[in-house]
Amino acid sequence: MGTDVDILVIGAGGCGLAAAIAGSDAGASVAVIEKHERPGGNSSLSTGSVPAAGSRFQREAGIEDDPERMVRDLMSIARETDDLDLVRRLAGVSAETVEWLVDEVGARLKLVTAYKHIGHSVPRLHAPVSRRGQDLVDDLIAAVEKRDVPIAVGNSAVDLIVENGAVHGALVETDGSRSEIRAGKTILSVNGFAGNPDLVRRFCPEIAGAEYFGARGSTGEAILWGEKIGADFANMAAYQGYAAVAYPQGSLLSWTTIEKGGFIVGEDARRFGDESLGYSGYARIVLGRGGKTFAVFDQKIFDVAAGEEEFLELWKYGGLKRGETPEEIARALDLDGGALAEELAAFNRAASGREPDRFGRHDFGLAPLAGPFYICRVVPGLFHTQGGLRVDGDGRVLRPGGSAVPNLFAGGGAAAGISGRSGALGYASGNGLLSAIALGRLAALAAARELGHSA
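If you count the sequence shown from 1, you need to add 1183 to reach the numbering used here.
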């Protein structure tokens, strides 16, 4: 049978949109289907931060970096991975990926120098000035539309079309009716399985009790389809958590508030761990402890975080409480003011080097803290999974033993990530978006080449 399109992209998040652009630019006909009514997925909920090692923007800022350093950084927190080659591959193409986003896509990314975030020894995050992933998604959508690539929203892929072990497109449901879209190559950009409680309990049981704060569409189709066709998987127990989702607002309290010297206490107004584990690693600590939690920081940290639009909105709509003393902010959220004052004093002694921190924290940013102070009630959340279909360096889906599933590619949350083998500690800021954008682009370029197209 013939094909309806050269490349079918399933899912219109960052990965799928990048794939659509790259495939079209390589001369292939591309169609994108998205089960929800608007594109974006988890990418639109992120900070839009894409790490790149050795980008021209780093060089312009006088920052020395290279892919080998990035690999060392990533593995220093991940420790173990099922696929070191993929880590090396994505670090190796990270700079060209960001430069492609800026030069070819028109993405409005800037090198972030105000902070590095966990997992990065130098500033290498490139993000919208707003720190809103939706801005990056908007730029990707504009580039897709400029190329006249159709994005069919409200169209769910029900299953893959598989004949003699090869994938030939997908069975799609629209308004209750089903039809086939036959394609030369199919790219799975359907994100992960964090929105599927059964799969989370199966593969990531330690975070199964956390509330899910990611996109609704992350329901694990790639995992279920992959199992049916005998695909291999990697890093299935890895995930990204977030330790400081503002409650009850549901928006992220910028981790800059903690990285720059803030701390987190429980309902007894006492710290309970080393916050420098990072927002993902510390989410497991917060979840395991249970009870209410609160983030505390001061005015100078507020001033740094105020460069982020979402943070300012959280302040504007009452998500933060301000006070001149620890007792005052404690009263605002019904905490023991004396206990919080004692905890602040101990934290400041550690930050100023007068005594070791009892939890082993060594990086205190701008601390010691001084009034006025801010406090925000926070809860831990699960944002997305970091395991998935095992792929090669161009996103081809692999079987156990290393052979490729003919015509099938995957990227982003549908594919295995670069955040280690298990848990949340291996997640470095931007890992998800790098995997999405880079693998989406690489998969589309490889698919186009195999179909006889070239950029």
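The beta carbon of each residue, even a glycine, is placed where N, CA and C say it ideally should be. Computed from a predicted model, the values in this text were never measured in an experiment.
What separation, rounded to the nearest whole angstrom, lies between the Cα atoms of ILE1324 and ARG1255? Taking the sequence shown and counting its residues from 1, the one referred to as residue 1324 is at position 141. Taking the sequence shown and counting its residues from 1, the one referred to as residue 1255 is at position 72. Between the alpha carbons of ILE1324 and ARG1255 lies a distance of about 34 Å.
For ALA1513, which of helix, strand or coil comes out of DSSP? Along the sequence shown, read from residue 1 onward, the residue named residue 1513 stands at position 330. Here ALA1513 sits in helix by DSSP.
Let me check you understand the geometry: is the CB of ALA1529 closer than 7 Å to at least one non-hydrogen atom of the ligand PLP? Absence of the ligand PLP from the depicted structure is noted, as is the absence of any ligand whatsoever, leaving it without description.
What does the alpha-carbon distance come out to for the pair GLU1217 and GLU1450? The residue you call residue 1217 lines up with position 34 of the sequence shown. The residue you call residue 1450 lines up with position 267 of the sequence shown. Taking the straight line joining both Cα atoms gives about 42 Å.
TYR1425 burial status per 10 Å Cβ neighbour count (16 or more: buried): Residue 1425 sits at position 242 when you count from the first residue of the sequence shown. The Cβ neighbour count for TYR1425, taken over all protein chains shown within 10 Å, is at least 16; the residue is labelled buried.
Measuring only the C-alpha atoms, how far is ASP1517 from ASP1266? For the purposes of this step, residue 1517 is taken as residue 334 along the sequence shown, with counting starting at 1. For the purposes of this step, residue 1266 is taken as residue 83 along the sequence shown, with counting starting at 1. In a straight line, the C-alpha of ASP1517 is about 47 Å away from that of ASP1266.
Nearest by alpha-carbon distance to ARG1271: which of SER1618, ALA1195, HIS1351, ALA1629 is it? Here residue 1271 is taken as the residue at index 88 of the sequence shown, counted from 1. It is SER1618.
Three-state secondary structure (DSSP) of ASP1457: Along the sequence shown, one-based indexing puts residue 1457 at 274. In the three-state reduction of the DSSP assignment, ASP1457 falls in the coil class, being assigned neither a helical nor a strand state.
Give me the Cβ distance between ALA1195 and ALA1631, rounded to the nearest whole Å; I'm assuming they're in contact under 8 Å. Position 12 of the sequence shown, counted from the start, is the residue given in the question as residue 1195. Position 448 of the sequence shown, counted from the start, is the residue given in the question as residue 1631. That pair is no contact at about 19 Å.
For VAL1341, count the other beta carbons within 10 Å of its own beta carbon; 16 or more makes it buried, fewer makes it exposed. Which is it? On the sequence shown, position 158 is the one that residue 1341 refers to. By the neighbour-count rule (16 or more Cβ atoms within 10 Å), VAL1341 is not buried but exposed.
Nonlocal neighbours in the same chain, by C-beta distance under 6 Å from GLY1464, ignoring five residues either side: Along the sequence shown, one-based indexing puts residue 1464 at 281. A distance below 6 Å between beta-carbons, with the five flanking residues on each side excluded, links GLY1464 to the following residues of its chain, in chain order: ALA1607, LEU1608.
In angstroms with no decimal places, state the Cα-to-Cα distance between ASP1318 and HIS1545. Residue 1318 sits at position 135 when you count from the first residue of the sequence shown. Residue 1545 sits at position 362 when you count from the first residue of the sequence shown. So the two alpha carbons sit approximately 35 Å from each other.
Could you name the residues of the same chain whose beta carbon sits closer than 6 Å to that of ALA1534, not counting the 5 residues immediately before and after it, in chain order? Mapped onto the sequence shown, residue 1534 falls at position 351. The answer, listed in chain order, is PHE1547, ALA1550, PRO1551.
Kindly provide the ranges of any alpha helix (DSSP H) runs that are 4 or more residues long and lie completely inside the segment 1253-1308, ordered along the chain. Qualifying alpha helix (DSSP H) stretches, in chain order: 1267-1283.
Thinking just about the alpha-carbon of each residue, which of CYS1387, THR1439, GLU1526 is nearest to the one in SER1605? As a working note, residue 1605 is residue 422 in the sequence shown. Nearest to SER1605 by C-alpha distance, out of CYS1387, THR1439, GLU1526, is CYS1387.
On the criterion of 16 or more Cβ atoms from any shown chain inside 10 Å, does GLN1569 qualify as buried, or is it exposed? Taking the first residue of the sequence shown as position 1, residue 1569 is located at position 386. With 16 or more Cβ atoms within 10 Å of its Cβ, GLN1569 is classed as buried.
Using a Cβ-Cβ distance cut-off of 8 Å, determine whether VAL1448 contacts chain B. Any reference to chain B falls outside this structure, which holds one protein chain only.
8 Å contact criterion, which VAL1215 and GLY1199 should meet: CB distance rounded: On the sequence shown, position 32 is the one that residue 1215 refers to. On the sequence shown, position 16 is the one that residue 1199 refers to. Indeed they touch by this definition, with Cβ atoms about 6 Å apart.
How close, in whole Å, do the beta carbons of SER1639 and GLY1623 come, if the pair is a contact with beta carbons under 8 Å? Outside the displayed span of the chain (1184 to 1638) sits residue 1639, for which this structure offers no information.
With a threshold of 16 other CB atoms inside 10 Å of the CB of ASN1614, please say whether the residue is buried or exposed. Here residue 1614 refers to the residue found at position 431 when the sequence shown is read from its first residue. By the Cβ neighbour-count rule, ASN1614 is buried, with 16 or more other Cβ atoms within 10 Å of its own.
At a cut of 8 Å, does the segment 1416-1424 reach the segment 1500-1507 through at least three beta carbon pairs? Contact fails between the segment 1416-1424 and the segment 1500-1507, because fewer than three Cβ pairs, one in each stretch, are under 8 Å apart.
Three-state class that DSSP yields for THR1230 in the structure shown: One-based indexing of the sequence shown puts residue 1230 at position 47. Three-state result, THR1230: coil.
Validate contact between the segment 1391-1410 and the segment 1436-1450 using beta carbons, cut 8 Å, 3 pairs: In short, these stretches do not touch, since the Cβ pair count stays below three.
Below 8 Å between beta carbons: does that hold for PHE1446 and ILE1406? The residue labelled residue 1446 in the question sits at position 263 within the sequence shown. The residue labelled residue 1406 in the question sits at position 223 within the sequence shown. If you check the CB distance, PHE1446 and ILE1406 do not come in under 8 Å.
As assigned by DSSP and simplified to three states, the class of GLY1352: Numbered from its first residue, the sequence shown carries residue 1352 at position 169. Three-state DSSP puts GLY1352 in a strand.
For the beta strand (DSSP E) that VAL1479 lies in, which residues bound it at each end? To locate residue 1479, count along the sequence shown from 1; it is residue 296. Element bounds for VAL1479: 1476-1481.
If we ignore side chains and look at the alpha-carbon of each, how far apart do THR1296 and PRO1306 end up? As a working note, residue 1296 is residue 113 in the sequence shown. As a working note, residue 1306 is residue 123 in the sequence shown. Distance from the CA atom of THR1296 to the CA atom of PRO1306, rounded to whole angstroms, is 6 Å.
Segment contact, 8 Å Cβ cut-off, at least three pairs: the segment 1328-1340 with the segment 1231-1251: Taking 8 Å as the limit for Cβ pairs, the verdict is that the segment 1231-1251 does not touch the segment 1328-1340.
ASN1590 beta carbon less than 8 Å from that of THR1369: For the purposes of this step, residue 1369 is taken as the residue at position 186 of the sequence shown. For the purposes of this step, residue 1590 is taken as the residue at position 407 of the sequence shown. Closer than 8 Å, so yes.
Have a look at the DSSP bridge pairing and note the partners of TYR1422. The sequence position of residue 1422 within the sequence shown is 239, counting from 1. Partner(s): THR1568.
Report buried or exposed for GLU1328, applying the criterion of at least 16 other Cβ atoms within 10 angstroms of its Cβ. In the sequence shown, counting from the first residue as 1, residue 1328 sits at position 145. Classification of GLU1328: exposed, given that the 10 Å Cβ count is below 16.
So, are the CB atoms of GLY1237 and PRO1222 less than 8 Å apart? As a working note, residue 1237 is residue 54 in the sequence shown. As a working note, residue 1222 is residue 39 in the sequence shown. For GLY1237 and PRO1222, no; Cβs fall outside 8 Å.
With H, G and I counted as helix, E and B as strand and the rest as coil, what does DSSP make of PHE1386? Residue numbering aside, residue 1386 sits at position 203 when the sequence shown is read from its first letter. PHE1386: helix per DSSP, three-state reduction.
Taking the alpha-carbon positions, what's the ARG1365 to VAL1574 distance? Residue numbering aside, residue 1365 sits at position 182 when the sequence shown is read from its first letter. Residue numbering aside, residue 1574 sits at position 391 when the sequence shown is read from its first letter. Using only the alpha carbons, I get a separation of about 22 Å.
Let me confirm a value: GLN1482 is counted as buried when at least 16 other C-beta atoms fall within 10 Å, else exposed. Which label applies? Stepping through the sequence shown from its first residue, residue 1482 is reached at position 299. With fewer than 16 other beta carbons inside 10 angstroms of its own, GLN1482 counts as exposed.
What are the complete alpha helix (DSSP H) segments, minimum 4 residues, inside the segment 1368-1415? Qualifying alpha helix (DSSP H) stretches, in chain order: 1380-1386, 1404-1412.
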